[in-house]
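A.B. asks:
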Amino acid sequence: MKRHVILLFLFGIMILGIPLRSQTVQSVSQGFSVHVHGQFARWNSNSHFLSDISGEDPGGIGFGAEVRYGFTNSISGYLAFEGINFDTDDEWEKYNTTLYRFGGQYTFGGTTSKIRPIVHAGGVYQNFNLARIFINGTDPVDDAKLVSKGFAVEAGGGLMYYVIPEFSLSLIVTGQFGKYGSNFVNGRDYPFEETIDSQHLFVRLGAGYYFY
1 MKRHVILLFL FGIMILGIPL RSQTVQSVSQ GFSVHVHGQF ARWNSNSHFL
51 SDISGEDPGG IGFGAEVRYG FTNSISGYLA FEGINFDTDD EWEKYNTTLY
101 RFGGQYTFGG TTSKIRPIVH AGGVYQNFNL ARIFINGTDP VDDAKLVSKG
151 FAVEAGGGLM YYVIPEFSLS LIVTGQFGKY GSNFVNGRDY PFEETIDSQH
201 LFVRLGAGYY FY
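Residue numbering for the sequence shown follows the UniProt record's numbering, starting at 1 and increasing by one per position.
(1) One question on the structure: do Gly-178 and Gln-105 come within less than 9 Å of each other, judged by their Cβ atoms?
(2) Hey, could you find the ends of the beta strand (DSSP E) Asp-197 is sitting in?
(3) Using a Cβ-Cβ cutoff of less than 6 Å, which residues in the same chain neighbour Gly-77 once the five nearest sequence positions on both sides are dropped?
(4) Would you report the Cα separation of Tyr-209 and Ser-29, rounded to the nearest angstrom?
(5) Please classify Glu-56: does DSSP put it in a helix, a strand, or coil?
(6) Below 8 Å on the Cβ atoms is my contact criterion, and I expect Lys-145 with Asn-186 to pass it. Report the Cβ-Cβ distance as a whole number of Å.
(7) Sort out for me which residues DSSP pairs Trp-92 with in a bridge.
(8) If you reduce the DSSP assignment to three classes, tell me which class Glu-193 lands in.
(9) Just the C-alpha distance for Arg-188 and Pro-165, rounded to the nearest angstrom, thanks.
If you want it as structure tokens, here you go:
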């Protein structure tokens with residue numbers, strides 16, 4: 001009888017242990033975290049001037065770094081820096097953009113999930129560089145450098161896979177839409193006769209570490 005009681009007790013511990021093991025923490029999304037990623041980008045513009053350039057060389061590659069703070073397990077804010085080079089064929093003296101991103105992110109699922117979908121939205125400060133360019137019009141320019149700056153909005157989503165609770169891999173797709181409100185040619189303000197807009201699509205593959 002005593003042996004049966006012991007076996008029954010051990011069996012009960014095993015049964016209770018199964019849900020306990022399945023409910024252990026698999027992912028962390030609260031507190032500070034740092035993230036790095038590589039990315040592929042495509043861009044386009046409806047402006048007559050930039051559409052010719054984006055139509056010929058629309059794709060680029062780059063890198064990014066991000067600091068994130070999770071206020072809860074679902075809601076977090078982020079600050080990020082991006083650098084993208086569109087001159088993959090070495091045909092330009094300079095053809096790149098830098099981005100300063102900020103916004104919020106919502107992470108679905110709970111801490112017991114290893115795979116968690118995310119969505120995010122925010123603002124972007126853009127800094128576009130292009131050289132050498134030729135501009136025809138009322139104020140023609142020959143063999144010049146263009147610097148365009150402006151704001152954009154972004155929205156996207158993706159998946160995060162947690163290798164361990166503190167370390168994740170991510171695949172995120174983001175769309176960005178904005179315009180360049182300030183344009184400088186050879187260091188001086190240039191009055192384009194049209195709106196210089198931009199649209200970007202990013203595919204980012206990254207990794208992140210969470211401090212908690």
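Cβ coordinates follow ideal geometry from the N, Cα and C atoms, glycine included.
C.D. replies: Straight from the coordinates:
(1) Reading the sequence shown from its first residue, position 178 is the one you call residue 178. Reading the sequence shown from its first residue, position 105 is the one you call residue 105. Cβ atoms of Gly-178 and Gln-105: not closer than 9 Å.
(2) For the purposes of this step, residue 197 is identified with residue 197 of the sequence shown, where counting begins at 1. Here the beta strand (DSSP E) through Asp-197 covers 197-211.
(3) Taking the sequence shown and counting its residues from 1, one reaches residue 77 at position 77. So the list reads Tyr-69, Gly-104, once near-sequence residues are dropped.
(4) As a position in the sequence shown, residue 209 is number 209, starting the count at 1. As a position in the sequence shown, residue 29 is number 29, starting the count at 1. A straight line joining the alpha-carbon of Tyr-209 with that of Ser-29 spans about 10 Å.
(5) Residue 56 sits at position 56 when you count from the first residue of the sequence shown. Glu-56 falls in the helix class under three-state DSSP.
(6) In the sequence shown, residue 145 corresponds to position 145, counting from 1. In the sequence shown, residue 186 corresponds to position 186, counting from 1. A Cβ-Cβ separation of about 6 Å places Lys-145 in contact with Asn-186 under the 8 Å criterion.
(7) For the purposes of this step, residue 92 is taken as residue 92 along the sequence shown, with counting starting at 1. Trp-92 is not bridged to any residue.
(8) The residue you call residue 193 lines up with position 193 of the sequence shown. Residue state, collapsed to three classes: coil.
(9) To locate residue 188, count along the sequence shown from 1; it is residue 188. To locate residue 165, count along the sequence shown from 1; it is residue 165. Using only the alpha carbons, I get a separation of about 51 Å.
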